[in-house]
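Taking it in order: structure first as structure tokens, then the write-up.
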Ligand SMILES: C[S@@+](CC[C@H](N)C(=O)[O-])C[C@H]1O[C@@H](n2cnc3c(N)ncnc32)[C@H](O)[C@@H]1O
């Protein structure tokens, strides 16, 4: 059997199991199996696949057909300019979260020396992307999940930014060290009883602790804002990712805790995606 034939077999299985991106996913999984990139596979479609490789590939297809996200199967996700190792302990970094990175970088001069806190750091994708671009800045990443912190530390190591970042495994509610120039957070903000209605990929595979925003979706948003109001320096800025319909209520909470000059940023789909506020 050659690469073209095994790709077709993979696509067919995925299509029959309602995986929408069946062709792309089959290619990505073959690329992961053979440890060569996609364009190279497409140039070598007549190559014969070894029995052992076929077995590995079909096992990956079996996982994908049960809706396991590609990023968990292949073990990484591209975000901003790097590949981040991911597993089931962390949310898969989303393209819309790159807006937060972009806005923070707009705020920071190239040689600035700010202290930045990332609340709910997960894989570390936000804070590590920022530190990589701003070599004078230092960061702290906090997460309630021990395994997320393990992974974030690993990502810091492979990206060679270990000595400008510290990670702490703690509930942000119990964290009270220092004051920060900037605070960033992509908190869990999904209304609890809507989680079961999400795509299978998300609902059945991504960690609940990374999604669950409580009964009204604002439990963690409120906690992050409340804590940030103590942890941030005067005139410091808070960059918060929110759900597309949460801007109005979030602005009220921000004002309650002394954050003003709010700017709402939309994503590519023109939906409200993040709020930048200054602590007065
Ligand atoms: C939506 S995910 C964001 C992950 C990552 N920052 C990203 O943007 O891909 C939210 C993260 O907050 C963490 N988290 C939830 N509740 C927390 C709490 N009370 N204190 C600290 N971290 C918390 C979760 O474990 C999860 O990693």
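In our numbering, the protein residues as written are 694 to 973. All C-beta atoms, glycine included, are put in the ideal place defined by N, C-alpha and C. Bear in mind that the values here come from a model prediction, so they are computed numbers and not experimental data.
In the three-state reduction of the DSSP assignment, residue 743 falls in the coil class. Remark: C-beta atoms of residue 876 and residue 815 do not approach each other more closely than 8 Å.
Residue state for residue 783 is assigned as coil, using DSSP reduced to three classes.
Residue 799: member of the alpha helix (DSSP H) spanning 791-800, first to last residue. In this structure, residue 836 has its CB closer than 7 Å to one or more heavy atoms of ligand 1. Closer than 7 Å to some heavy atom of ligand 1: that does not describe the Cβ of residue 895. Not one heavy atom of ligand 1 lies closer than 7 Å to the C-beta of residue 732.
Selection 867, 696, 918, 827 evaluated against residue 724 yields 696 as nearest (Cα-Cα).
Runs of the alpha helix (DSSP H) lying entirely within the stretch 711-771 and spanning at least 4 residues, in chain order: 715-727, 731-736, 744-758, 763-767. Secondary structure at residue 966: strand, using DSSP grouped into helix, strand and coil. In this model, residue 794 and residue 811 are separated by some 11 Å (Cα to Cα). Taking 4 residues as the shortest admissible run, the stretch 919-953 contains the following complete alpha helix (DSSP H) segments, listed from N- to C-terminal end: 940-949. Across the set 926, 946, 934, the C-alpha of 934 shows the shortest separation from the C-alpha of residue 968. In this structure, ligand 1 has no non-hydrogen atom nearer than 7 Å to the beta-carbon of residue 968.
Distances between the C-beta of residue 784 and the heavy atoms of ligand 1 include at least one below 7 Å. For residue 802, the closest C-alpha among the options 713, 867, 829 is that of 829.
By the neighbour-count criterion, in which 16 or more other beta carbons inside 10 Å mark a residue as buried, residue 932 falls on the buried side. A check of alpha carbon separations from residue 960 across 873, 790, 808 identifies 790 as the nearest.
For residue 879, the distance from the CB to the nearest heavy atom of ligand 1 is below 7 Å. Taking all protein chains in view, the Cβ of residue 771 is surrounded by fewer than 16 other Cβ atoms within 10 Å, so the residue is classified as exposed. The DSSP-derived three-state label of residue 867 is helix.
Residue 735 is positioned such that its CB atom lies no closer than 8 Å to that of residue 763. Residue pairing for residue 834: DSSP places it in a beta bridge opposite 811, 860.
Our two residues, residue 769 and residue 781, have alpha carbons roughly 11 Å apart in a direct line. Close CB contacts of residue 756 within its chain, under the 7 Å cut and outside five residues either way in sequence, are with 766 (chain order).
Set against 7 Å, the gap from the CB of residue 916 to the closest heavy atom of ligand 1 is smaller. Remark: the shortest separation between the CB of residue 919 and any heavy atom of ligand 1 does not fall under 7 Å. Secondary structure note for residue 822: its alpha helix (DSSP H) is the uninterrupted segment 818-826.
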